[in-house]
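Step one of this worksheet: look at the structure below.
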Amino acid sequence: MFDLILRRATLPDGRTGMDIGVREGRIAAVEKDLPGPAGEEIDATGRLVTPPFVDSHFHMDSTLSYGLPRVNRSGTLLEGIALWGELKPQLVQDAIVERALAYCDWAVARGLLAIRSHVDICDPRLLAVESLLEVKRRVAPYLDLQLVAFPQDGVLRAPGAVDLLKRALDMGVDVVGGIPHFERTMADGAASVKLLCEIAAERGLLVDMHCDESDDPLSRHVETLAYETQRLGMQGRVTGSHLTSMHSMDNYYVSKLIPLMVEANLGVIANPLINITLQGRHDSYPKRRGMTRVPELMGAGLTVALGHDCVMDPWYPLGSGDMLEVAHMGLHVGQMTGYDGMLACFRAVTEAPAKLLHLDGYGLEVGCHADLVVLQAADPVEAIRTRATRLFVLRRGAVVSRCAPVEAQLSLPGRPESVSFTLPTARAR
1399 MFDLILRRAT LPDGRTGMDI GVREGRIAAV EKDLPGPAGE EIDATGRLVT PPFVDSHFHM
1459 DSTLSYGLPR VNRSGTLLEG IALWGELKPQ LVQDAIVERA LAYCDWAVAR GLLAIRSHVD
1519 ICDPRLLAVE SLLEVKRRVA PYLDLQLVAF PQDGVLRAPG AVDLLKRALD MGVDVVGGIP
1579 HFERTMADGA ASVKLLCEIA AERGLLVDMH CDESDDPLSR HVETLAYETQ RLGMQGRVTG
1639 SHLTSMHSMD NYYVSKLIPL MVEANLGVIA NPLINITLQG RHDSYPKRRG MTRVPELMGA
1699 GLTVALGHDC VMDPWYPLGS GDMLEVAHMG LHVGQMTGYD GMLACFRAVT EAPAKLLHLD
1759 GYGLEVGCHA DLVVLQAADP VEAIRTRATR LFVLRRGAVV SRCAPVEAQL SLPGRPESVS
1819 FTLPTARAR
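What the sequence shown shows, in the working numbering, is residues 1399 to 1827, in sequence order.
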């Protein structure tokens, strides 16, 4: 007997009419016309069922703090960093925890059940670290929270940051982070990459580094990151986030850089909502988009994910935890509106980030965790187009969020009584 059977699902790979049987929190069967009985049944009515969304790049210590201590009037990256510096001394643990928990509530309702959050360690109190470790403990039953020790002010630039970073790792932070382009010189930036990768290698940890978040085509720390990854034998354990300088690099240099990244098996995370907002600020026209070369990196075989980065904080005044909004912006700014490109953007907020986070038991195969999202959409493209309502969100086979289908009632002569913004027949593939 199954604890739950989810009937008549369409899967992201195109299979239709599939039943998913759940037993003891894991997927026990995926097949058509699965025989019962079951303790509970949910009829997906042909709608898309997917593993949960995964945000591979976020800043939870600052989320929902928009307007504190003041609004970012210019909307720039540097004013955001300055604002965060003003806010840090005023932070208290209870406020950080409550804002983060509120955001996790939003995330669950959006079918977002795994988040990698960078946490600023450049505060001698390590207040944000303590706060997010507490949040991680409290949300563990319903959300996987992975923390990155992030030296926001530069691990070499900020006094005592190396020791603070090591203390954060000792406290239980999962991943080593960095920000080499914010060090005082290019040489210091390269030295910080070497140092941080060595710390991670010694401790057996993953690396996720803010890298080349700049419009400067000569900001080339990802090259050093790829080199150190290979030198230390860390292939598959290191990720470069942002990489926006690649948007400004010449094609000849990139033709050498991408193969180096492939040799290192680097993960890549672009953050389209924020990259397109914060980059290109010194341009008049022509104006650069500022997002890294997502189609080219995907085409080279690298694992590329799309992250949300910020929601209502000193850097970004918008957002609601919707990874479909991230995919929607990503496919537009990356000019990935071909069918395969749109599917790739859906994978970039599901399968790809799950791989970068090394999530255990993620997917729709037998034996995987029964973490599932039923979407008001027929397929991944329609899900992105409509930013589909999450009808059911399941964690370990239990419903943790549900929402009524979105439908507008019409009063138009000779026309249907309602619309749900989906095509009346299946899309040709």
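Cβ coordinates follow ideal geometry from the N, Cα and C atoms, glycine included.
Coarse secondary structure for residue i, derived from DSSP in three states
i       : result
Val1591 : helix
Gln1807 : strand
Gln1544 : strand
Glu1611 : coil
Arg1745 : helix
Val1447 : strand
Leu1716 : coil
Ser1617 : coil
Leu1623 : helix
Thr1461 : coil
Asp1711 : coil
Val1764 : coil
Val1537 : helix
Thr1414 : coil
Thr1675 : helix
Leu1655 : helix
Ala1826 : Residue placement at Ala1826 is flagged as unreliable, the pLDDT there being 42, under the threshold of 50; a coordinate-derived value is accordingly withheld.
Ser1646 : coil
DSSP beta-bridge partners of residue i
i       : result
Asp1758 : Its beta-bridge partners do not exist; DSSP assigns none.
Val1817 : Ala1806
Ile1403 : Gly1419 and Glu1439
Val1666 : Gly1638 and Val1702
Asp1606 : Thr1637
Val1573 : Val1546 and Leu1604
Thr1408 : Leu1446
7 Å Cβ cutoff, residue i in contact with chain B
i       : result
Arg1535 : Looking at the structure shown, chain B is missing, and only one protein chain is on hand.
Unbroken beta strand (DSSP E) run spanning residue i, endpoints
i       : result
Val1553 : Per DSSP, Val1553 belongs to no beta strand (DSSP E) and is neither H nor E.
Gly1638 : Val1636 to His1640
Asp1453 : Phe1451 to Phe1456
Gly1483 : Looking at the DSSP string, Gly1483 is not in any beta strand (DSSP E); the run it does join, the alpha helix (DSSP H), is Leu1475 to Leu1485.
Arg1424 : Arg1424 to Glu1429
Asp1518 : Leu1510 to Asp1518
Residue i vs residue j beta-carbon contact at 7 Å
i       : j       : result
Leu1690 : Leu1641 : Just to set this straight, residue 1690 is Thr in the shown sequence, not Leu. Yes, the pair counts as a contact, with Cβ atoms nearer than the cut-off.
Pro1670 : Val1731 : yes
Arg1785 : Glu1694 : no
Asp1459 : Asp1518 : yes
Tyr1464 : Asp1711 : yes
Ala1598 : Val1574 : yes
Met1721 : Leu1729 : no
Arg1406 : Asp1431 : no
Phe1456 : His1680 : no
Pro1449 : Leu1773 : no
Val1764 : Ile1425 : yes
Gln1633 : Ala1662 : yes
Ile1782 : Ala1725 : yes
Asn1470 : Leu1462 : no
Ile1513 : Leu1489 : no
Cys1609 : Gly1638 : yes
His1645 : Ser1617 : no
Val1636 : Val1666 : no
Cut-off 6 Å between Cβ atoms - residues of its own chain near residue i, not counting five sequence neighbours on either side
i       : result
Val1751 : Correcting the residue identity first, residue 1751 is Pro in this sequence and not Val. Contacts found: Val1452, Ser1454 and Ala1703.
Glu1438 : Leu1402
Val1798 : Val1506, Tyr1540 and Val1791
Leu1562 : Ile1519
Gly1423 : Ala1768, Arg1794 and Gly1795
Ser1529 : Gln1491, Ile1494 and Val1495
Glu1484 : Pro1467
Ile1656 : Ala1698
Contacts around residue i, its chain only, beta-carbon distance under 8 Å, and the 5 residues preceding and following it disregarded
i       : result
Asp1648 : Pro1615
Ala1776 : Thr1408, Gly1444, Arg1445, Leu1446, Thr1820, Leu1821, Ala1824 and Arg1825
Glu1815 : Gln1807 and Leu1808
Leu1658 : Glu1621, Ala1624 and Tyr1625
Ser1718 : Trp1504, Arg1508 and Val1709
N-terminal and C-terminal residue of the alpha helix (DSSP H) that residue i is part of
i       : result
Asp1568 : Ala1559 to Met1569
Gly1697 : Val1692 to Gly1697
Arg1339 : Only positions 1399 to 1827 of the chain appear in this structure, which leaves residue 1339 out of reach.
Val1724 : Met1721 to Val1731
Val1797 : It is not in any alpha helix (DSSP H) - Val1797 instead sits in the beta strand (DSSP E) that spans Ala1796 to Arg1800.
Val1779 : Pro1778 to Thr1784
Leu1770 : First-last for Leu1770: Leu1770 to Leu1773, but that is the beta strand (DSSP E), not the alpha helix (DSSP H).
Val1495 : Gln1491 to Ala1507
Close-in-space but distant-in-sequence residues of the same chain around residue i (CB under 7 Å, 5 per side omitted)
i       : result
Ala1742 : Met1696 and Met1734
Ala1589 : Leu1554
Arg1827 : The predicted model places Arg1827 with a pLDDT of 42, which falls under 50 and marks its position as unreliable; any figure quoted below should be read in that light. Only Gly1412 meet the Cβ criterion.
Residue i beta carbon near the ligand GDP (any heavy atom closer than 6 Å)
i       : result
Trp1504 : The ligand GDP is not among the ligands present in this structure, which contains no ligands whatsoever.
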